[in-house]
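So the structure is just underneath, and the comments pick up after that.
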Amino acid sequence: MLRLSSNTTLFLKLFLPVFWTTVLVGITLVTWFAPEHYFGGIPLQSLRYGIVFVLVMAVGTFWLAFWPLKRVETDGEFLFVSNYFRTARYHLVQDVEEIHESRFLFLKLCSVHLRAPGTFGRRLRFIASRKQFDTFRREFAGAVKFS
């Protein structure tokens, strides 16, 4: 079984959002429920709404950017896609239309486009492991369309 997605996927999908959401919720609760004299007597209304804004923006960013990431593996015939709770199996030649890759900072972002909607939708996003994805691309260059 060849794992195409990077180990970074688990960190970005689960650990980072849970950790930072917990920290930001804690800070939000402290600013809303702690007495003002803990903050040197400064007015807290702007700080309170600012922290709530930061919390909402962070959760929105996590939800839009990291939650769609999937773990992707292949055995040569099938593509196994997991969101760490459920796993779906797609035939590599019949179900996969193309695999699109792009770069963002130091990450290689890939999208698997399916011919028909699957369990996780028609487009599956993952962060590729450079070495293993390059091996996959060499071995399946004729079977799957890469762009």
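For the sequence shown, the residue numbers in the numbering used here are 4 to 150. Built from N, CA and C at the ideal position, the CB exists for glycine as well.
CA-to-CA distance, residue j to residue i, given in whole angstroms
| i | j | result |
| --- | --- | --- |
| Arg171 | Leu19 | The structure shown does not extend to residue 171, since the chain is modelled only from 4 through 150, so no value can be given for it. |
| Val28 | Thr64 | 15 Å |
| Gly145 | Phe22 | 42 Å |
| Val147 | Glu80 | 11 Å |
| Leu67 | Gly44 | 38 Å |
| Tyr41 | Met60 | 26 Å |
| Gly124 | Thr138 | 26 Å |
| Leu110 | Phe14 | 13 Å |
| Lys73 | Val55 | 29 Å |
Selection from the options that minimises the alpha carbon distance to residue i
| i | options | result |
| --- | --- | --- |
| Val33 | Arg51, Val84 and Pro46 | Arg51 |
| Val151 | Pro38, Thr24, Ile30 and Ile102 | The structure shown does not extend to residue 151, since the chain is modelled only from 4 through 150, so no value can be given for it. |
| Met4 | Arg89, Leu82 and Tyr87 | Leu82 |
| Ser150 | Val59, Ala61 and Val115 | Val115 |
| Tyr87 | His94, Val96, Pro71 and Thr77 | Pro71 |
Where the beta strand (DSSP E) through residue i begins and ends
| i | result |
| --- | --- |
| Ala37 | Note, Ala37: premise wrong, no beta strand (DSSP E); not H, not E. |
| Thr122 | That residue, Thr122, is in no beta strand (DSSP E); it is neither H nor E in DSSP. |
9 Å Cβ cutoff met for residue i and residue j
| i | j | result |
| --- | --- | --- |
| Leu117 | Arg126 | yes |
| Arg128 | Ser9 | no |
| Val99 | Ala91 | no |
Buried or exposed (CB count within 10 angstroms, at least 16 for buried), residue i
| i | result |
| --- | --- |
| Ile30 | exposed |
| Ala37 | exposed |
| Thr25 | exposed |
| Ala131 | buried |
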